[in-house]
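Visitor:
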Amino acid sequence: MAREALGYTFARWSGSGYPTHARGEAIPLAMRLVHLSHDLEAIARRWCTTSASPVCRTRSGTSRAR
């Protein structure tokens with residue numbers, strides 16, 4: 428399972444990753460969980476939240492549909 432997941436290290440949900448350009452549920456669950464834990468750690472780090480604070484304050488109370 429780990430060997431299969433490692434082949435998707437740079438895969439992104441949108442399909443923009445490489446080398447397979449896998450997208451969505453085609454990415455193994457194990458690798459999706461690794462990506463999730465990595466992103467949560469980055470959010471929890473002070474440097475990440477500190478740099479995001481001005482953006483959050485600027486956009487506070489606004490809704491931006493993408």
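If you're matching positions, the sequence shown starts at 428 in this note's numbering and goes up one per residue. Note that beta-carbon positions come from the ideal geometry of N, C-alpha and C, so glycine has one too.
Does DSSP put residue 480 in a helix, a strand or coil?
Guide: Position 53 of the sequence shown, counted from the start, is the residue given in the question as residue 480. DSSP, read as helix, strand or coil, puts residue 480 in helix.
Visitor: Under 8 angstroms by Cβ, that's how I've got residue 471 and residue 432 pegged, so tell me the actual separation to the nearest angstrom.
Guide: As a first step, residue 471 must be located in the sequence shown, where it is residue number 44. As a first step, residue 432 must be located in the sequence shown, where it is residue number 5. Incorrect: roughly 23 angstroms between the Cβ atoms, too far for contact.
Visitor: If you compare alpha carbons, which of 467, 469, 487, 430 is closest to residue 454?
Guide: Position 27 of the sequence shown holds residue 454. Selected option, being the one with the closest Cα: 430.
Visitor: Check residue 454 in the structure and name its three-state DSSP category.
Guide: As a working note, residue 454 is residue 27 in the sequence shown. Coil.
Visitor: Quick check on the DSSP output: the alpha helix (DSSP H) that includes residue 439 runs from which residue to which?
Guide: For this step, residue 439 is matched to residue 12 along the sequence shown. Here residue 439 belongs to no alpha helix (DSSP H), and DSSP marks it neither H nor E.
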